[in-house]
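Colleague:
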Ligand SMILES: Cc1ncc(C[n+]2csc(CCOP(=O)(O)OP(=O)(O)O)c2C)c(N)n1
Ligand SMILES: Cc1ncc(C[n+]2csc(CCOP(=O)(O)OP(=O)(O)O)c2C)c(N)n1
Ligand SMILES: [Mg+2]
Ligand SMILES: [Mg+2]
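Protein chains in written order, with my numbering: chain A, 1457 to 1801; chain B, 1457 to 1801; chain C, 5 to 330; chain D, 5 to 330.
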């Protein structure tokens, strides 16, 4: 994980002048704006990102400032405009490609998994692919099976990619800026339910390095690992449980590749209990993989089996109550925590 | 898992008349031939499968018997001919689509993950997608990064697909016949190093149900789970270790979806030690997921952490000794077994 | 096709108009329901494009099939769907076409050979090809129609599908609904050759550009294309030019659409034209047409009532249902 | 292009022939090494197609770029690669272009603007587009060439790439190497329109079909295309028709290739033609040409010796190297 440090300048903690609260989508927009001003090789490619400013307004106004050569509306040819991002990155640019829904990333995997992820390796480091793939996932709006998936596990499994899934405006901005400056191809997954959430973001510039988890809530009784939209849900569960005197540590890995195993394992060694919460379907998800490392590295510390709270193994239904039944809810997290702690006795 | 029984007629164990030994590729060919004779809705689509009989001769001679409407050479338009398989399956056919290398399946994931896997669900079971996606993976021939991957984890994570990875000619034939008769879309992954391996296959017809693991070697000291080309390697390791008096049980799940968790967990409860061997890269592989179930269901039986022996987190290099360094070898398996058993004391 | 003499029986003209108007009413009414919070998710109205679905589907036989798009309500209705089940589906009810699992972007009616709407633009092309391919393999001659869009044409599946269909000669009709926008992006912005049917010519496939607002022109070309497909002379590509009467989806005000352009297209509103054909060629009186319209409106109200009063799907049954994917 | 008068300096003709012959010798010699077990994996010889790579690359400037295919040795050599490093790479040695990590299908030389061979047919198209797009964004005018094949044309990335390149007007030349086969499958089997350049016309892109065995014709068209691209009038599509001199890869005897067809094509062997041009237009004596050939052969032997004596990559260093992916 020492490469991380090389790729990503250390955090420049903001000298918290006047804290202000902005939305996740605004934080992302600021990151793009700042990096585009800083570096003329940064440009954007995607559907409806220029004139319309993006489905979630993340790219609003950028066309005005940077013009139609740096903010490009593409046709519905995902594989090719993504691959064009890869090709541009290979030859000195820093493209940020947007795929509207992570579900559509199924159309571009050859360019991501066989090209972007492997070109540095196959050419023995003659080149790098400094591109960012911005995309958006998750359920929660009744958008049904082809617009609601959580597919991070697929990117997670392909060596050569980095993978970020920020949960807060602060993390979104700092990680996006690092992603753009990274020489790895970065898959950057936003969550449709997070765009309108608010959080403090300093006015001053800052970067967040990849591979550094964030302890969102310190605690002693049990470690809860959660990312993206499962983080706010887990924090709520932790607050509810705190009322009963259960003291939970909530860890957000923020980037799944590289993964900050150390922070997670250290936390589990301290609390001796682990619950992992993931929105993606249970089978073959990232949670299983994290569990497998903790199992290996903290075997003798675990007082109870690691609990995984995850999405059902099913496509997402349209109807809202069915949809809800497929995705971990606060109550599911609370129950898992109780199960994990019950075993101790 | 009770659906399995519904989908796949129970094994009709061959009344072992005269056992004969044939190659894996011949076993597959027999399965296709028999099913095509039995059911006129079975037809084949792929590159070079008709006139040339397939890169590994699996479809040799089928054009002659069934003609160009049931054995179709396609252009290099993987997404579309795969999707055509899905569409044909939706409307009453049983296509078997071949993707030459699983690496190229990155081109077809939308049709597999967003269409084939979800159509039954999205239409509330108005239809099913009885198609088989035949493909081939694995390293071992110096074919480099884009022709050597083991990508089962990607299909494993998509609800709505079944997934078979046979290791022996017997299993290949029996599972292929079941796959063709299944009403689920089946991803059927062969291994390039297995095509020429031989094994006993009865003359009589038989089927192997999905979701039934096979204990390839009974034993008491440790459970070794392995599939596809890691099975023969694991069996060899087990034989080597047997000489030292270590008695290993080797379990081949044969189908990863549905997964026969029961056989695996029962075995671990007996042996109290588990090593899982996978050719795919370590991060986010199926091994982690299997480990997570065993951890959950046999927590109190495990005397040592589950060991995962897996591919390195890297694209596959061309040079043969580098390639070898990326893939689990017999010695790696033996070492993992020793590590797992050493902890017991 | 100009100057061609085709007879249009009154029955056909009535049927065409009834379907045009039904789509118009269905979409208009459902948009209201959406605003009232009874429908959620994405909803892409077919308003302004009705003549394409209606003209094409009128040329099909019961055994033929269609594969639809994200903007699928019109195809559904034109293919004879039960609007009760459609309304129930987009309200997410148990009684809907997909038991509330699918919603607007996934309505299908396999019993009518409607393989369903699709949320992935371009993805229905290979599915339609496969449906036609199955007919070709079996030697039966069902014709399959793939509806696609100016956006869908930009996706690789369009060329791949049309090319393979052409190579094999399968009974497939591809209909481009060129409404000149992919959300807010114009066709001009995304290609140098805005006459999209020319891509078919480059692939050696018979291709035509037609007026997508004129239900009779659409019907004529679809009928010819259908005949060719039945004769084994497929595939055929039709580019039907049209214009949306509003934004991309219910929540898009479509401010980027020039007002005068929209006004022009509204002058050749497919429903107006259909009504005119019914009156002038079909010699049906205004009163009779009004009756047809009232009947449609009444059916729609029944559908809404049915849907509104339908139960939500049971979570328990759902959980049971999806166990098969574990 | 017939009747056109272009002057071909002797220097150019020598360069063209030297490259044609170099490819010929490289492939022939390496096939021998393959048979001797010194090379493994897939190896797709460029024999018979030399004029395309050589003619196209001769039209480029140092700052231009190419994106190659699975059949990439010819492009590599024509772009000026060091054959020592090529030979070492396909023997999997540490000194090879990719340190033995890539092999035949992944040789790249970024310093020469060669973005590399590619094992996924069709996948280099978007990469080349991106390279040209970068030039367009920066306002520099490097031209990028995407080599593709009759098989590659069938993939969706072909139309998507050419279409987007056309929409934006980026400096991209797409060169189809139509050798009439994708492994054993003929173009006729996989499309109804076998004149593949017509797909470009359907997309509004300037497109030509040319003789891929004639290095001067290829050069002429490439030169024109290059000029257009530099002027901002790109992209341009060239379909160069040719024929393989053997099977698809070294282990394919190519029995499905009609003998007489192959004989015909061998009569217009690009090397023979190149030699003829050099003698007739360049007025170079047979003796001088023989000297050029001997020189090439000698370089090749040096390359083989270099490669054979090069070390295998170190496993330890490799393991260290790939830690960055964990
Ligand atoms: C593959 C894919 N990319 C993007 C989208 C998001 N999206 C949905 S509809 C649409 C515009 C489609 O325009 P067009 O294809 O012309 O169809 P229209 O809406 O005009 O009928 C987009 C970009 C999608 N659903 N699928
Ligand atoms: C996407 C993809 N599909 C299939 C293959 C396997 N394959 C390698 S070369 C080849 C034939 C290619 O023929 P063509 O594109 O005409 O190029 P040529 O070999 O004739 O130069 C095939 C099918 C591949 N490498 N990539
Ligand atoms: Mg449109
Ligand atoms: Mg070819």
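Glycine included, C-beta positions come from ideal geometry on N, C-alpha and C.
None of the values given here were measured: they were computed from a predicted structure.
Assuming the contact rule is C-beta atoms closer than 8 Å, residue 43/C and residue 1602/A should be a hit. Round their C-beta distance to whole Å, please.
Modeller: Wrong, their Cβ atoms sit about 18 Å apart, outside the cutoff.
Colleague: Could you tell me whether any Cβ in chain B is nearer than 8 Å to the Cβ of residue 221/C?
Modeller: So no, residue 221/C is outside the interface.
Colleague: In the DSSP output, which residue or residues are listed as bridge partners for residue 1682/B?
Modeller: Paired residue(s): 1733/B.
Colleague: Decide if the region 150–163 of chain D is in contact with the region 180–191 of chain D; the criterion is three or more beta carbon pairs, one per stretch, under 8 Å apart.
Modeller: Touching, per the Cβ criterion.
Colleague: Give me the pocket residues for ligand 3, defined as CB within less than 7 Å of any heavy atom, sorted by chain position.
Modeller: Those residues, listed in chain order, are 153/C, 154/C, 155/C, 181/C, 182/C, 183/C, 184/C, 185/C and 186/C.
Colleague: For residue 1614/B, tell me which candidate among 1621/A, 1618/A and 1605/A has the shortest Cα-Cα distance.
Modeller: Comparing Cα-Cα distances from residue 1614/B to each of 1621/A, 1618/A and 1605/A, the minimum goes to 1605/A.
Colleague: So which residues on chain A does residue 316/C lean against when the C-beta distance must stay under 8 Å?
Modeller: Within chain A, the residues near residue 316/C are 1775 and 1777.
Colleague: Within the 8 Å Cβ cut-off, does residue 208/D reach chain A?
Modeller: So no, residue 208/D is outside the interface.
Colleague: Could you check whether the region 66–82 of chain C touches the region 43–55 of chain C, counting it as contact only if at least three pairs of C-beta atoms, one from each stretch, sit closer than 8 Å?
Modeller: The region 66–82 of chain C, when compared against the region 43–55 of chain C, does touch it at the 8 Å Cβ threshold.
Colleague: Quick one: Cα of residue 214/D to Cα of residue 58/D, how far?
Modeller: About 14 Å.
Colleague: Rounded to whole angstroms, what's the CA-CA distance from residue 252/D to residue 1651/B? Just pull it up for me.
Modeller: Going from the Cα of residue 252/D to the Cα of residue 1651/B covers about 21 Å.
Colleague: Does residue 218/C come within less than 8 Å of chain A when only Cβ atoms are used?
Modeller: No, no contact with chain A.
Colleague: Determine the direct distance from the alpha carbon of residue 275/C to that of residue 329/C, and round the result to whole angstroms.
Modeller: Their backbone Cα atoms lie some 45 Å apart in a straight line.
Colleague: Kindly say whether residue 1610/B, judged by its beta-carbon, lies nearer than 8 Å to any beta-carbon of chain A.
Modeller: Output row for residue 1610/B: interface = yes.
Colleague: Using a Cβ-Cβ cutoff of 8 Å, what residues of the region 144–162 of chain D are near chain C? List them in chain order.
Modeller: So the list reads 158, 159, 160, 161 and 162, given in the order they occur along the chain.
Colleague: Could you tell me whether the Cβ of residue 179/C comes closer than 8 Å to any Cβ of chain A?
Modeller: No, its Cβ sits nowhere closer than 8 Å to a Cβ of chain A.
Colleague: For ligand 2, is there any heavy atom lying closer than 7 Å to the beta carbon of residue 216/C?
Modeller: Result no, Cβ not under 7 Å from ligand 2.
Colleague: Around the C-beta of residue 411/C, are 16 or more other C-beta atoms found within 10 angstroms, so that it is buried, or is it exposed?
Modeller: Nothing can be reported for residue 411/C: it is not among the residues displayed for chain C, which extend from 5 to 330.
Colleague: Could you give the distance in angstroms between the alpha-carbon of residue 189/D and the alpha-carbon of residue 148/C?
Modeller: Roughly 27 Å between the two C-alpha positions.
Colleague: Which whole runs of the alpha helix (DSSP H) in the region 262–319 of chain D are 4 residues long or more, in chain order?
Modeller: Runs of the alpha helix (DSSP H) inside the region 262–319 of chain D: 263–271, 274–284 and 290–312.
Colleague: Roughly how far, in whole angstroms, is the beta-carbon of residue 1673/A from the beta-carbon of residue 1705/A, given that I think they are within contact range, below 8 Å?
Modeller: Sure, about 6 Å apart at Cβ, within 8 Å.
Colleague: In this structure, how does DSSP classify residue 1472/B when only helix, strand and coil are distinguished?
Modeller: With a pLDDT of only 49 at residue 1472/B, under the threshold of 50, the placement of this residue in the model should not be trusted; the figure read from the coordinates follows. It is coil, neither helix nor strand.
Colleague: Could you check whether the Cβ of residue 1492/B sits closer than 8 Å to any Cβ belonging to chain C?
Modeller: Not an interface residue.
Colleague: For residue 1757/B, which three-state DSSP category applies?
Modeller: Residue 1757/B: coil per DSSP, three-state reduction.
Colleague: Could you tell me the alpha carbon to alpha carbon distance between residue 224/D and residue 1544/A, rounded to whole angstroms?
Modeller: When rounded, the distance between both Cα atoms is 28 Å.
Colleague: How many Å lie between residue 1640/B and residue 31/D at the Cα?
Modeller: Going by the C-alpha atoms only, they are around 47 Å apart.
Colleague: Grab me the residues of residue 297/C's own chain with a C-beta within less than 7 Å of its C-beta, minus the 5 sequence neighbours each way, in chain order.
Modeller: Within the same chain, residue 297/C has close Cβ partners 25.
Colleague: For residue 1772/A, is the beta carbon positioned less than 7 Å from some heavy atom of ligand 1?
Modeller: For ligand 1, not one heavy atom lies less than 7 Å from the Cβ of residue 1772/A.
Colleague: Using a C-beta to C-beta distance shorter than 9 Å, which residues of chain D count as neighbours of residue 1526/A?
Modeller: Within chain D, the residues near residue 1526/A are 141.
Colleague: At which residue ranges does the region 1743–1801 of chain A contain complete beta strand (DSSP E) runs of 3 or more residues, listed in the order of the chain?
Modeller: Segments of the beta strand (DSSP E) lying fully in the region 1743–1801 of chain A: 1763–1767.
Colleague: For residue 1747/B, which residues in the same chain have their Cβ closer than 8 Å to its Cβ, ignoring the five residues on either side in sequence?
Modeller: Closer than 8 Å at the Cβ level, and outside the excluded window around residue 1747/B, lie 1730, 1732, 1762 and 1764.
Colleague: How big is the Cα-Cα spacing for residue 1647/A and residue 1509/B?
Modeller: Rounded to whole angstroms, residue 1647/A to residue 1509/B spans 47 Å at the Cα level.
Colleague: Against chain A, does residue 330/C count as a neighbour if the rule is that its beta carbon must be under 8 Å from one of theirs?
Modeller: Yes - at least one Cβ of chain A is within 8 Å of the one on residue 330/C.
Colleague: Should the region 98–105 of chain C be called in touch with the region 294–314 of chain C, which here means at least 3 C-beta pairs below 8 Å?
Modeller: Yes: the two stretches touch, three or more of their Cβ pairs being nearer than 8 Å.
Colleague: Going by the DSSP bridge assignment, what does residue 1551/A pair with across the sheet?
Modeller: In DSSP, residue 1551/A forms a bridge with 1499/A.
Colleague: Would the region 127–138 of chain C count as touching the region 157–168 of chain C if we require 3 or more Cβ pairs under 8 Å?
Modeller: Taking 8 Å as the limit for Cβ pairs, the verdict is that the region 157–168 of chain C does touch the region 127–138 of chain C.
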